[in-house]
Amino acid sequence: MTILVTGGAGYIGSVTVEQLRQARRPVAVLDNLSRGHRAAVARDVPLYVGDISNRELIEQIVREQGITACIHFAALALVPESVTHPALYYDNNVHRCQVLLDALCEFGVRYVVFSSTCATYGLPKAIPMPEDHPQQPITPYGWSKLFVERMLADYDRAYGLRFVALRYFNAAGATDDHGEDHEPETHLIPNVLRVALGKATAVQVYGNDYSTPDGTAVRDYIHVSDLAAAHIAALDALAAGQASAFLNLGTGRGHSVLEVIAAARRITGHPIPIQIGARRPGDAPQLVADPRAAHAYLDWRPVCSDLEHIIASAWRWHCRRPNGYPRDEAAQAISEPSPEALPSARQCHQG
Ligand SMILES: NC(=O)c1ccc[n+]([C@@H]2O[C@H](COP(=O)([O-])OP(=O)(O)OC[C@H]3O[C@@H](n4cnc5c(N)ncnc54)[C@H](O)[C@@H]3O)[C@@H](O)[C@H]2O)c1
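If you count the sequence shown from 1, position 247 lands on 248 in my numbering, and the numbers rise without skipping.
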């Protein structure tokens, strides 16, 4: 009854592994560490360093660990990179994913939870966006995820592979042990906190002339712990016999770039200067989920996705690990200082 987590050394995967272990669910991680961190995987979690396209390795993991379900996070996830290197994205996110799905089917794994994205919708025609919103991605990244959604629907019909494809809006926040450490970092909140940490002088704001209340882009931020809980609920729903589903994971509430920066200023005590730049091509004014289908299907609600909590948790993690995870290959997994030894949020940027 072990769950295979692909991409478990990455941001959302590592938090999901943390929660699975707290729930005493046996887990094994498969990650090629191309974008993840060995130190994000606790030492007592079986970590297979390899690629999702390695069929023999998947067979070995399924047999050794008794895998019955897979949460598939492993993917490349940098939207601008997908525009300049689409081949990389179609190879990694679609072709290699197909090898993984074929192997899972072949070796008897019947349940898959898949990391999809609101980028499969493209530009919004209505806010909030329900699951039946038209899907017209505007980037190869979005298309790569939509192709896999399609593959999953066809594999369900033909091979009985049951799945939940979770379309995340903006994952954010951290736990005490796991946070966001991407290179390059393209997400707003860690980039705002980089300024508070003294690692950048100002936050770039891409456009302040959108048709939103303060002119900056609005996004639906969901705490990574709430995302992780939704994955576990999705596995339980599948195991209880529920049908395959596509579900939005968001809060249904949007926050503008300037609102995020204002909250980060309050939490960090840092002035966080901004630089207003041009809009980025393809950025929608607003992306906000209609989350009701996920509430009903998963019997789940986000409980830590209040913006202040998201930013405070991320700030705490970045203060603990201002340089991210240790890069040393032999790095110890999570070895934590005691909470008392941590600086308070306000001290952090000064120290
Ligand atoms: N972060 C977000 O806001 C967000 C939003 C929507 C969807 N998603 C999706 O959620 C998933 C996780 O996102 P994240 O932010 O944690 O990304 P991440 O880059 O932190 O983690 C992805 C992990 O997958 C691994 N990986 C990539 N390709 C692999 C391969 N071929 N074989 C084995 N391992 C491989 C990487 O090494 C990395 O550890 C991705 O599928 C992403 O597309 C993320």
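C-beta: ideal position from N, C-alpha, C; glycine also.
Range of the contiguous alpha helix (DSSP H) that encloses residue i
i, result
"V46", "Taken as a continuous stretch (DSSP letters only), V46 belongs to no alpha helix (DSSP H), as it is neither H nor E."
"I1", "The first residue shown for the chain is 2 and the last is 352, placing residue 1 beyond what the model contains."
"Y12", "Y12 to Q23"
"H1", "Only positions 2 to 352 of the chain appear in the structure, and residue 1 is not among them; the question remains open."
"V193", "L189 to A197"
"L299", "R293 to L299"
Outcome for residue i when other beta-carbon atoms lying within 10 angstroms are tallied against a minimum of 16
i, result
"T7", "buried"
"R267", "exposed"
"A127", "exposed"
"S212", "exposed"
"H296", "exposed"
"I13", "buried"
"Q20", "buried"
"Y122", "buried"
"S1", "This structure cannot settle anything about residue 1, because the visible part of the chain is limited to 2 through 352."
"P303", "buried"
"G37", "buried"
"G174", "buried"
"G109", "exposed"
"G143", "buried"
"Y112", "buried"
"L288", "buried"
"P282", "exposed"
"D182", "buried"
"D32", "buried"
"R317", "buried"
"T17", "buried"
"R163", "buried"
"Y160", "exposed"
"R25", "exposed"
"P131", "exposed"
"P141", "buried"
"A241", "exposed"
"G199", "exposed"
"A331", "Because A331 carries a pLDDT of 49, less than 50, the predicted location of this residue cannot be relied on, and no value is offered for it."
"A75", "buried"
"P214", "exposed"
Closest by C-alpha distance to residue i, when choosing among the options
i, options, result
"R220", "P286, V110, C305 and D182", "P286"
"L189", "A172, G199, D178 and T176", "A172"
"I59", "A120, H232, R317 and A104", "A104"
"G9", "T217, H224, V30 and F247", "V30"
"D307", "I53, P327 and E260", "E260"
"T69", "G51, P27 and I223", "P27"
"P274", "A265, P282, R280 and R281", "A265"
"I311", "D300, L228 and E186", "L228"
"G11", "A263, D178 and I223", "D178"
"D157", "L79, L102 and D237", "L102"
"G51", "L34, F115, T176 and A230", "L34"
"G180", "Y207, R25 and V225", "V225"
"R280", "E65, N209, L89 and R64", "N209"
"Q66", "L198, S314 and M2", "M2"
"C119", "Y326, I223, Y160 and T202", "I223"
"N93", "Q205, P81 and L77", "L77"
"S54", "Y160, C98, C106 and D45", "C98"
"R168", "Q276, K200 and A290", "A290"
"P191", "M152, A313 and L48", "A313"
"T202", "F170, R151, H271 and R322", "H271"
"S257", "D237, C305 and Y207", "Y207"
"L124", "H134, R195, S116 and L194", "H134"
"S15", "L5, R22, A41 and L89", "A41"
"G278", "R195, Q205, P81 and D155", "Q205"
"G255", "A238, A88, P129 and V84", "P129"
Endpoints, beta strand (DSSP E) assigned at residue i
i, result
"R163", "R163 to Y169"
"I273", "I273 -> no beta strand (DSSP E), and no H or E assigned at all."
"I4", "T3 to T7"
"D1", "Because the chain spans 2 through 352 in this model, residue 1 falls outside it and cannot be assessed."
"Y326", "Unbroken run through Y326: none, as it is neither H nor E."
"A29", "V28 to D32"
"V206", "V204 to Y207"
Cβ-Cβ separation, residue j to residue i (assumed contact under 8 Å), whole Å
i, j, result
"N249", "A294", "7 Å"
"H355", "I72", "Absent from the structure is residue 355, since the part of the chain shown begins at 2 and ends at 352."
"V149", "A246", "Actually they are not in contact, since the Cβ atoms of V149 and A246 sit about 15 Å apart, beyond 8 Å."
"A234", "W301", "4 Å"
"P153", "F115", "The sequence shown places Leu at residue 153, rather than the Pro named in the question. Yes, they are in contact, since the Cβ atoms of L153 and F115 sit about 6 Å apart, within 8 Å."
Any alpha helix (DSSP H) of 4 or more consecutive residues that is wholly inside the region 73-149
80-85, 87-90 and 97-107
What alpha helix (DSSP H) runs, 4 residues minimum, are completely inside the region 212-262?
225-240
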